[in-house]
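A.B. asks: Please see the structure below; I have some questions.
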Amino acid sequence: MKFLLLVAVVLAVVWWLRGSRRTDSPGRDAPRQGTPAQQQDMVQCPVCSVHLPRSDALPGPNGQLYCCAEHRLRAEA
Ligand SMILES: [Zn+2]
């Protein structure tokens, strides 16, 4: 009778570990892979075709984004 109780406890622990692992792993792993912390929105300068972060780009009057003031002036001319 003690043996049956032990088997029941072991099965319960195994079932509990499987269940908790299944619920924990997608929540912990998915955001780590899906959202890299350093990912930035990149834009391309229409004059020299260089890629740069949107925060570093200069917006032109036509709504396009340029890498520097010189290229913004060149596009306007
Ligand atoms: Zn440029």
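Quick note: the sequence shown uses our numbering, first residue 41, plus one each step. We put the beta carbon where it would ideally sit given N, CA and C, even for glycine.
Can you say whether V83 is buried or exposed, counting buried as having 16 or more other CB atoms within 10 angstroms of its CB?
C.D. replies: buried
A.B. asks: Cα separation between A109 and D96?
C.D. replies: For A109 and D96, the distance between alpha carbons rounds to 11 Å.
A.B. asks: Looking at A117 and P86, is the spacing between their C-beta atoms short of 8 Å?
C.D. replies: no
A.B. asks: Since I believe Q80 is in contact with P93 (beta carbons under 8 Å), could you give me their beta-carbon distance rounded to a whole number of angstroms?
C.D. replies: Sure, about 5 Å apart at Cβ, within 8 Å.
A.B. asks: Within its chain, find whatever has a CB closer than 8 Å to the CB of C88; leave out the 5 residues flanking it on each side and keep chain order.
C.D. replies: C107 and H111
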